[in-house]
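Top line first, the protein sequences correspond to chains R, D, P and W. In terms of the numbering used here, the first sequence opens at residue 31 and continues consecutively. In terms of the numbering used here, the second sequence opens at residue 31 and continues consecutively. In terms of the numbering used here, the third sequence opens at residue 31 and continues consecutively. In terms of the numbering used here, the fourth sequence opens at residue 31 and continues consecutively. Glycine included, each C-beta is placed from N, C-alpha and C at the ideal position. To keep things clear, I will list the structure first and then write my remarks on it.
There are 4 protein chains.
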Amino acid sequence: MNDWHETEIRVRYAETDQMGIVHNSNYLVWFEVGRSEFCRARGFSYKEMEEKENALMVVAESYCRYKSPAYYEDVLTVRTKVEALRSRSLRFVYEIYRSSDETILAEGETLHLVTDKNKKVRSLPTNYKRKLLSDEVAEENAFPANQAPS
Amino acid sequence: MNDWHETEIRVRYAETDQMGIVHNSNYLVWFEVGRSEFCRARGFSYKEMEEKENALMVVAESYCRYKSPAYYEDVLTVRTKVEALRSRSLRFVYEIYRSSDETILAEGETLHLVTDKNKKVRSLPTNYKRKLLSDEVAEENAFPANQAPS
Amino acid sequence: MNDWHETEIRVRYAETDQMGIVHNSNYLVWFEVGRSEFCRARGFSYKEMEEKENALMVVAESYCRYKSPAYYEDVLTVRTKVEALRSRSLRFVYEIYRSSDETILAEGETLHLVTDKNKKVRSLPTNYKRKLLSDEVAEENAFPANQAPS
Amino acid sequence: MNDWHETEIRVRYAETDQMGIVHNSNYLVWFEVGRSEFCRARGFSYKEMEEKENALMVVAESYCRYKSPAYYEDVLTVRTKVEALRSRSLRFVYEIYRSSDETILAEGETLHLVTDKNKKVRSLPTNYKRKLLSDEVAEENAFPANQAPS
Chain R
31 MNDWHETEIR VRYAETDQMG IVHNSNYLVW FEVGRSEFCR ARGFSYKEME EKENALMVVA
91 ESYCRYKSPA YYEDVLTVRT KVEALRSRSL RFVYEIYRSS DETILAEGET LHLVTDKNKK
151 VRSLPTNYKR KLLSDEVAEE NAFPANQAPS
Chain D
31 MNDWHETEIR VRYAETDQMG IVHNSNYLVW FEVGRSEFCR ARGFSYKEME EKENALMVVA
91 ESYCRYKSPA YYEDVLTVRT KVEALRSRSL RFVYEIYRSS DETILAEGET LHLVTDKNKK
151 VRSLPTNYKR KLLSDEVAEE NAFPANQAPS
Chain P
31 MNDWHETEIR VRYAETDQMG IVHNSNYLVW FEVGRSEFCR ARGFSYKEME EKENALMVVA
91 ESYCRYKSPA YYEDVLTVRT KVEALRSRSL RFVYEIYRSS DETILAEGET LHLVTDKNKK
151 VRSLPTNYKR KLLSDEVAEE NAFPANQAPS
Chain W
31 MNDWHETEIR VRYAETDQMG IVHNSNYLVW FEVGRSEFCR ARGFSYKEME EKENALMVVA
91 ESYCRYKSPA YYEDVLTVRT KVEALRSRSL RFVYEIYRSS DETILAEGET LHLVTDKNKK
151 VRSLPTNYKR KLLSDEVAEE NAFPANQAPS
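Here is the structure:
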């Protein structure tokens with residue numbers, strides 16, 4: 031559907047547990063950082079959509095496969111893309127790598143329902159939908175071949 | 031001003047860090063559990079005050095002294111009381127013990143400002159104030175000496 | 031395989047996010063509380079297995095389906111059971127209910143690999159395995175095959 | 031004693047609470063990010079000191095004054111410096127600003143004891159101490175008293 035967006039984070043001490051590795055719940059927080067940055071990179075303000083359009087992307091499902099542990103101070107690359115975009119729901123997929131050696135640490139996905147502030151399902155505002163799909167939108171908006179500037 | 035309220039919690043695995051002990055930030059979460067339970071024990075619903083009275087108790091200061099580490103699965107006693115109650119602010123103090131051996135693990139305090147949802151300072155609603163002070167209120171309401179039942 | 035174990039928790043203020051509901055990552059922490067309590071209820075000390083037997087149950091996969099939001103101060107019932115127990119891995123499943131009205135809020139599962147402290151896969155210590163299986167063990171032990179009632 | 035080190039972080043959705051602002055406990059996590067980056071900027075690896083030198087910097091006290099709320103997606107500047115460095119303890123101080131408008135959001139400090147992995151107090155390894163003090167060390171080393179330019 032569209033390309034991966036990449037963002038980097040550094041593992042915080044508070045994210046480790048007594049096993050000496052990152053606690054499993056933090057990957058869901060990192061997935062969220064990934065989709066925040068994905069949206070921002072496409073000129074899509076999740077904050078604004080929530081405040082001004084009364085549209086929330088509530089998490090309906092989360093899945094994570096932990097393949098190799100992350101350690102304190104590791105720099106990680108969170109790769110994010112939209113896998114399925116319907117009128118009232120969308121699915122993000124993620125991969126997390128250790129940046130230094132490109133070891134894959136985790137992969138996962140989250141399914142979101144679009145709701146208003148009263149948790150009633152609604153449609154994703156059109157202008158936001160276009161931005162999430164910006165690769166295709168870009169194509170649509172490009173000069174049609176016969177109108178290209180010469 | 032009034033008596034300590036006590037509540038118990040059990041240390042969660044997620045609350046530990048790679049030092050093998052509880053991460054320092056969790057004590058602020060436990061202090062919050064302490065004051066939630068303190069309020070509930072006095073018939074004071076913090077949730078309701080926030081929703082129906084438009085009064086929030088925003089944290090303005092926090093202090094914690096960590097005296098001995100807490101470990102996974104420890105059962106802890108959080109002791110909470112109100113130390114100072116003014117019209118627009120209040121101070122809670124806390125002590126955290128390991129229940130099994132009564133070792134004191136931490137002590138601290140938080141200062142709160144009362145605000146509305148727009149973060150503007152306001153007064154604590156009177157009925158909530160009475161409940162926080164319930165010991166004294168109880169005294170005030172008690173039969174005046176000269177009207178006591180004989 | 032065996033019965034559900036139930037434990038109660040109360041939603042903490044710190045677990046909510048600006049949507050006014052509990053943040054999705056906390057369900058993984060609650061699943062962990064569920065399996066800690068499941069183990070304890072069967073006389074299985076996870077803490078001791080980690081420290082004395084050098085056996086860790088590393089999370090390899092997590093899945094959660096969020097069906098209805100949880101709110102600050104809600105009392106929740108976390109139901110936990112072991113779904114599959116192999117020599118080097120096991121799967122826990124969970125259901126989370128609001129205790130007051132029995133609304134189901136979430137269901138999920140976690141897959142664990144048994145490793146030593148160096149993250150090398152190993153077998154679950156036998157005495158711990160027996161405890162996790164205590165229902166069936168009880169059944170198996172009840173009538174050795176050659177003495178079964180006919 | 032020495033200059034402030036600055037590092038930037040962006041507020042995560044998971045760090046907000048139902049008041050619509052960042053939960054107070056996260057500032058302690060950000061202080062920790064500040065001192066991690068402070069150490070790294072001076073060629074001091076906290077991770078390595080913990081693993082190879084058996085020296086931990088356990089938090090003995092934390093204090094935070096919350097002056098103005100932080101919001102989801104805010105970019106914050108965490109300013110960190112060492113305020114007092116003794117043989118077995120040290121104090122970090124912090125300031126947190128919103129980068130866009132330079133509003134100060136919080137200031138605080140943490141006191142640390144240096145211990146070994148068994149939580150016994152010990153001295154800070156000399157080479158790490160020098161790095162934390164690098165400004166002064168630089169000055170001291172610049173001109174030995176008897177060779178100072180006149």
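Identified DSSP bridge partners for residue i
| i | result |
| --- | --- |
| residue 85(D) | Answer is none; residue 85(D) lacks a bridge partner. |
| residue 35(D) | 110(D) |
| residue 128(D) | 106(D) |
| residue 145(R) | 86(R) and 151(R) |
| residue 52(P) | 46(P) |
| residue 93(W) | 93(D) and 139(W) |
| residue 40(P) | 105(P) |
| residue 123(R) | 111(R) and 139(R) |
Residue i, buried or exposed, once every other Cβ within 10 Å from all chains shown has been counted against 16
| i | result |
| --- | --- |
| residue 102(W) | buried |
| residue 85(P) | buried |
| residue 100(R) | buried |
| residue 65(D) | buried |
| residue 54(D) | buried |
| residue 151(D) | exposed |
| residue 130(D) | exposed |
| residue 56(W) | buried |
| residue 33(D) | exposed |
| residue 104(D) | buried |
| residue 180(P) | At residue 180(P) the pLDDT is 42, less than 50, meaning the model places this residue with poor confidence; the figure from the coordinates comes in the next sentence. Exposed, because fewer than 16 other Cβ atoms sit within 10 Å of the Cβ of residue 180(P). |
| residue 171(R) | Any reading at residue 171(R) must be qualified, since the residue scores a pLDDT of 42, below 50, and its modelled position is unreliable; the value itself is stated next. With fewer than 16 Cβ atoms within 10 Å of its Cβ, residue 171(R) is classed as exposed. |
Cβ pair residue i, residue j closer than 8 Å
| i | j | result |
| --- | --- | --- |
| residue 127(R) | residue 135(R) | yes |
| residue 58(W) | residue 58(D) | yes |
| residue 87(R) | residue 35(R) | no |
| residue 62(R) | residue 43(W) | yes |
| residue 37(W) | residue 78(W) | no |
| residue 118(W) | residue 153(W) | yes |
| residue 90(R) | residue 96(P) | yes |
| residue 112(R) | residue 39(R) | no |
| residue 156(W) | residue 48(P) | no |
| residue 137(D) | residue 122(D) | no |
| residue 98(D) | residue 133(D) | yes |
Residues that residue i contacts on chain R, provided the C-beta gap is smaller than 8 Å
| i | result |
| --- | --- |
| residue 96(P) | 88, 89, 90, 91 and 92 |
Partners in chain W for residue i, counting only beta-carbon separations shorter than 7 Å
| i | result |
| --- | --- |
| residue 44(P) | 47, 53 and 55 |
| residue 149(D) | 99 |
| residue 59(D) | 55 |
Contact list for residue i against chain R, beta-carbon separation under 7 Å
| i | result |
| --- | --- |
| residue 50(D) | 48 |
Listed by chain order, chain D residues near residue i by CB distance under 7 Å
| i | result |
| --- | --- |
| residue 102(R) | 48 |
| residue 77(P) | 102 and 103 |
Interface residues of chain R facing residue i [CB-CB closer than 9 Å]
| i | result |
| --- | --- |
| residue 62(W) | 42, 43 and 44 |
Contact test: residue i Cβ vs the ligand FAD heavy atom, cutoff 7 Å
| i | result |
| --- | --- |
| residue 89(D) | In the structure shown, the ligand FAD is absent, as is every other ligand, since no ligand is present at all. |
Proximal chain P residues relative to residue i, where beta-carbon distance stays under 8 Å
| i | result |
| --- | --- |
| residue 129(D) | Near residue 129(D) there are no residues of chain P at all, since even the closest Cβ is about 15 Å away, more than 8 Å. |
9 Å Cβ cut-off: residues of chain P touching residue i
| i | result |
| --- | --- |
| residue 66(D) | 40, 42, 43, 102 and 103 |
Worksheet item: Is it true that the segment 71-80 of chain P meets the segment 150-165 of chain P, where meeting means three or more beta-carbon pairs spaced less than 8 Å apart?
Response: At 8 Å Cβ cutoff, the stretches touch.
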